[in-house]
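Q: Numbering (this note's numbering), first residue to last: 52 to 277. All C-beta atoms in this analysis are idealised placements derived from N, C-alpha and C, irrespective of residue type, glycine included.
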């Protein structure tokens, strides 16, 4: 399970950070929670904003085109510098075959520049589109964006993680990690958005929703044995 890997990373981070750094990072999560960003993001039943973005080699991906063939699983992640994001991306890669068998397309999005996006896809050996949302244009439409607190940024810079530089922007603006399933009618069928960036949607839960959508789109004939 993805949560098992995330929990191990949380424990590793806790044991390898000073008490001061832990407090700074915990406060940053609390601020996002108090701002109710997760609660105000695009939710189940909303019409999903449509978009066209490029991957790391400049190939365009149009979500409206993808929806013509089936649902779209959309994963917003903070960046390749985030260990929780990399765990999530790899976990979904492991389930890619099952996702596509259910007729869905998996897409990941971050605000990082295309070369960084390409690096993330290559390092994690991802077989699905990883798109570059420069300036968080799409993430803003999904109401996911926030700026990482300066004290946290200083810790990241100290560790060699220049978030703003990776994004090609003047500030460390990132999306809340979020996973959506968009139905073929453009409506959001599943939404997982949390203020705590260490929490991610479990792939099995996504697969369960996709199975339900497939069953609804292709109901068993009357009298068929289930």
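Just the Cα atoms here: how many angstroms apart are residue 130 and residue 226?
A: So the two alpha carbons sit approximately 9 angstroms from each other.
Q: Since residue 181 and residue 107 are thought to touch, with beta carbons under 8 angstroms apart, how far apart are those beta carbons, to the nearest angstrom?
A: 7 angstroms
Q: Consider the Cβ of residue 106: report whether some Cβ of chain D lies at a distance smaller than 8 angstroms.
A: Among the chains in the structure shown there is no chain D, since it carries only a single protein chain.
Q: Which two residues bound the contiguous alpha helix (DSSP H) that contains residue 263?
A: 254 to 268
Q: Kindly confirm or deny that the segment 229 to 239 and the segment 92 to 104 touch, where touching means at least three C-beta pairs closer than 8 angstroms.
A: yes
Q: So residue 58 is in the alpha helix (DSSP H); what residue range does that whole segment cover?
A: 53 to 67
Q: Residue range of the beta strand (DSSP E) that residue 243 falls in?
A: 239 to 244 is the span of the beta strand (DSSP E), which, as asked, contains residue 243.
Q: Could you check whether the segment 178 to 198 touches the segment 133 to 153, counting it as contact only if at least three pairs of C-beta atoms, one from each stretch, sit closer than 8 angstroms?
A: yes
Q: Tell me the start and end of each unbroken beta strand (DSSP E) in the segment 168 to 235 that is at least 3 residues and wholly inside, in chain order.
A: If only complete runs of 3 or more residues are kept, the segment 168 to 235 shows the beta strand (DSSP E) at 181 to 183, 196 to 198, 224 to 226, 229 to 233, in order along the chain.
Q: I need the boundaries of the beta strand (DSSP E) containing residue 95, first residue and last residue.
A: Unbroken run through residue 95: none, as it is neither H nor E.
Q: Do residue 243 and residue 259 have their C-beta atoms within less than 8 angstroms of each other?
A: no
Q: Could you check where the beta strand (DSSP E) with residue 105 kicks off and where it finishes?
A: Element bounds for residue 105: 103 to 106.
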